[in-house]
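From first to last, the protein sequence lines stand for chains A and B. Numbering-wise (the working numbering), the first sequence opens with residue 95 and increments by one. Numbering-wise (the working numbering), the second sequence opens with residue 95 and increments by one.
Number of protein chains: 2
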Amino acid sequence: MTITLGGHFADRDTWSMQNCPVARTLAALGPPSAVLVLSEAYFGTSRFGDFVRNLGMTESAVTARLRHLVKAGLLSREPYQEPGQRTRYEYHLTKMGLDLAPTLVGLMEWGENYLPHEDGRQVMLTHAGCGADVVAEVRCADGHTVGVGDIVMRAPSDAVDGGAEAV
Amino acid sequence: MTITLGGHFADRDTWSMQNCPVARTLAALGPPSAVLVLSEAYFGTSRFGDFVRNLGMTESAVTARLRHLVKAGLLSREPYQEPGQRTRYEYHLTKMGLDLAPTLVGLMEWGENYLPHEDGRQVMLTHAGCGADVVAEVRCADGHTVGVGDIVMRAPSDAVDGGAEAV
DNA sequence: GACCTGACTTTGTTTCGCCATAGTCAGGGA
DNA sequence: TCCCTGACTATGGCGAAACAAAGTCAGGTC
Numbered sequence: 095m096t097i098t099l100g101g102h103f104a105d106r107d108t109w110s111m112q113n114c115p116v117a118r119t120l121a122a123l124g125p126p127s128a129v130l131v132l133s134e135a136y137f138g139t140s141r142f143g144d145f146v147r148n149l150g151m152t153e154s155a156v157t158a159r160l161r162h163l164v165k166a167g168l169l170s171r172e173p174y175q176e177p178g179q180r181t182r183y184e185y186h187l188t189k190m191g192l193d194l195a196p197t198l199v200g201l202m203e204w205g206e207n208y209l210p211h212e213d214g215r216q217v218m219l220t221h222a223g224c225g226a227d228v229v230a231e232v233r234c235a236d237g238h239t240v241g242v243g244d245i246v247m248r249a250p251s252d253a254v255d256g257g258a259e260a261v
Numbered sequence: 095m096t097i098t099l100g101g102h103f104a105d106r107d108t109w110s111m112q113n114c115p116v117a118r119t120l121a122a123l124g125p126p127s128a129v130l131v132l133s134e135a136y137f138g139t140s141r142f143g144d145f146v147r148n149l150g151m152t153e154s155a156v157t158a159r160l161r162h163l164v165k166a167g168l169l170s171r172e173p174y175q176e177p178g179q180r181t182r183y184e185y186h187l188t189k190m191g192l193d194l195a196p197t198l199v200g201l202m203e204w205g206e207n208y209l210p211h212e213d214g215r216q217v218m219l220t221h222a223g224c225g226a227d228v229v230a231e232v233r234c235a236d237g238h239t240v241g242v243g244d245i246v247m248r249a250p251s252d253a254v255d256g257g258a259e260a261v
């Protein structure tokens, strides 16, 4: 079961993965440790020392990751100042960073479902509003849950053609 | 806006990212190139030579990535034989691999939304059943769309307590 | 057995990322 | 200015990953 390649993408041999959107996103993110830094930001961590302590990474590695994520626009670096102390900076998720929520939630759920901690599941994500379990899903704009086999990949111009066919 | 840390996770200083589910998933996936290999499998590619050609990676790199993904259970290695030819192997997504769809779709959408190709958006994912656009979303079991700020992270035992409070 | 060739292994090189460690910078207060 | 210390820089070492290139393996057919 795979994504159906339609229109422009129907012939797999005629297009390249080079510079595909997934690759572009991965470049913006950086190495796996960057994903962990981003996760940490999702958990509310914003200060340098806390990232270092919570992630168990060295200061130089955290510095490099944070810098890259700020440059990529996923985090913003904002000054703060405790009374009587110097100006420091916090790292906050930008809208760009927040929009990776399905990806992050998907990674977390997958890990809990397939590679649980030896003591079993450790993390539940729930909806503050209603208490129900939270997951990342693939859906369509009409609200259907879409399996991989029901996904069609096309070019924007192809989509227009598809609409014409529906008429 | 971040995930709310509840119950067991409320005090950020008392738990560690070490061996968290996201980290476990990332370890199972491997380096960014492994994500591209997995994406390729989502596009329907299954044969060694096609992975190599479509990804523009060397044979040895593809070999290493495929082997790791098979070992992690995301891909299965299945024999096939064209008439008059030797037995070869195809690499197919397992259920474990398929369940990373929200993550993969999220990466793709994010890339198209924030880092479009110079010629603009290249990829549209649509629902074969109704033609509507497909996206990865964070939702709760009751069907609500959940923003990051409305996500509560708790331990499974906490969730039980939460239920008691609701009563 | 020889041949074919897809798939994989090996080797050397380069690059990158992370670590440990030492040192420097920066922005306040005293 | 000095002191403090959070944040960052620099350096050397190591491992992983990817590449280029060469070589080997494996499962058929003839």
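Just so you know, even glycine gets a beta-carbon here, dropped at the ideal spot from N, CA and C.
Among B:167, B:102 and B:186, which one has its Cα closest to the Cα of residue 204 of chain A? B:167
Taking the straight line between their C-alpha atoms, what separation do you get for residue 252 of chain A and residue 145 of chain A? 45 Å
So residue 201 of chain B packs on residue 186 of chain B, CB below 8 Å; how close in whole Å? That belief does not hold up - the Cβ atoms of residue 201 of chain B and residue 186 of chain B are roughly 21 Å apart, past 8 Å.
Local Cβ density within 10 Å of residue 235 of chain B, reported as buried at 16 or more and exposed below that: exposed
Going by DSSP, name the residue or residues bridged to residue 172 of chain B. B:184
Closest Cβ-Cβ distance between residue 162 of chain A and chain B: below 7 Å? no
Looking only at its chain, what residues have a beta carbon closer than 8 Å to the beta carbon of residue 261 of chain A, apart from the 5 residues adjacent to it on each side? Its pLDDT being 35, under 50, residue 261 of chain A is placed unreliably in this model, and the coordinates cannot settle the point.
Beta-carbon proximity list for residue 99 of chain B, same chain, < 7 Å, skipping 5 on both sides: 106 and 247
Under 7 Å from the C-beta of residue 206 of chain B: neighbouring residues of chain A: 115
Give me the residue from B:217, B:233 and B:184 with the minimum Cα distance to residue 249 of chain A. B:217
What residue range is occupied by the uninterrupted alpha helix (DSSP H) comprising residue 131 of chain B? 126-136
With distance defined between alpha-carbon atoms, name the residue in B:180, B:128, B:227 and B:197 nearest to residue 193 of chain A. B:197
Only counting the same chain, and skipping five residues up and downstream in sequence, which positions put a Cβ closer than 6 Å to that of residue 95 of chain B? 242 and 243
Listed by chain order, chain A residues near residue 133 of chain B by CB distance under 7 Å: 116
Reduced DSSP category for residue 233 of chain B - H, G, I as helix; E, B as strand; rest coil: strand
Are the beta-carbon atoms of residue 128 of chain A and residue 161 of chain A separated by less than 7 Å? no
How about residue 221 of chain A and residue 240 of chain B: are their beta carbons less than 7 Å apart? yes
Contacts that residue 195 of chain A makes with chain B (C-beta to C-beta distance below 7 Å): 232 and 242
Which value, in whole angstroms, describes the spacing of the CA atoms of residue 207 of chain B and residue 181 of chain B? 43 Å
With a CB to CB cut of under 6 Å and the five nearest residues on each side skipped, what residues in its chain are close to residue 115 of chain A? none
Helix, strand or coil for residue 260 of chain A? Go by DSSP, reduced to three states. With a pLDDT of only 40 at residue 260 of chain A, under the threshold of 50, the placement of this residue in the model should not be trusted; the figure read from the coordinates follows. Note: residue 260 of chain A maps to helix in three-state DSSP.
From the DSSP output, in three-state form, read off residue 95 of chain A for me. coil
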